Amino acid sequence: MQDNNLDTIIALAHRTFGAAYQFVPPMSVTLGIRECLSAKKVRVFSDTGAWKATALRVALFGSLTVEYPITLLQEHPDALITATVATATHPISEHPEWDLGV
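Letter by letter, the sequence shown follows residues 302 to 403 of our numbering.
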């Protein structure tokens, strides 16, 4: 259990309760990466659009690092990440003029 900080409360209120922050619980249950990686199957679903687009790209294409624990799922034998089109869309696909060819 952990206390929800103000940023988390605002984000949850916006995504879930039409910005009515008073309905967001003051605490949340969290799972550590150790618990997730020890599971037989790991299923992650992201439907928050641009809010998690960078995290999705880091999870799929980033180097393994504890700085971004989601990258460790790359080595799990049965991990599946499902995302909405809005979350998976890369900004350069929407704005090719931003591609600097790096």
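C-beta atoms are modelled at their ideal positions from N, C-alpha and C, and glycine is treated no differently.
Nothing here was measured: the structure is a model prediction, and the numbers come from that model.
* Rank 315, 314, 338 by C-alpha distance to the C-alpha of residue 378 and give the top, closest one. => Of all alpha-carbon atoms in 315, 314, 338, the one lying nearest the alpha-carbon of residue 378 is that of 338.
* Asked: What three-state label does DSSP hand residue 400 in the structure shown?
  -> coil
* **Straight-line gap, residue 358 to residue 389 (C-alpha atoms, nearest Å)** => Distance between the alpha carbons of residue 358 and residue 389: 8 Å.
* To do: Grab the span of the alpha helix (DSSP H) containing residue 371 for me, first residue to last.
  => Counting along the chain, residue 371 falls outside any alpha helix (DSSP H), and DSSP gives it neither H nor E.
* Within 8 Å, strictly: CB atoms of residue 324 and residue 383 -> no
* Asked: CA-CA distance, residue 386 and residue 360?
  -> 16 Å
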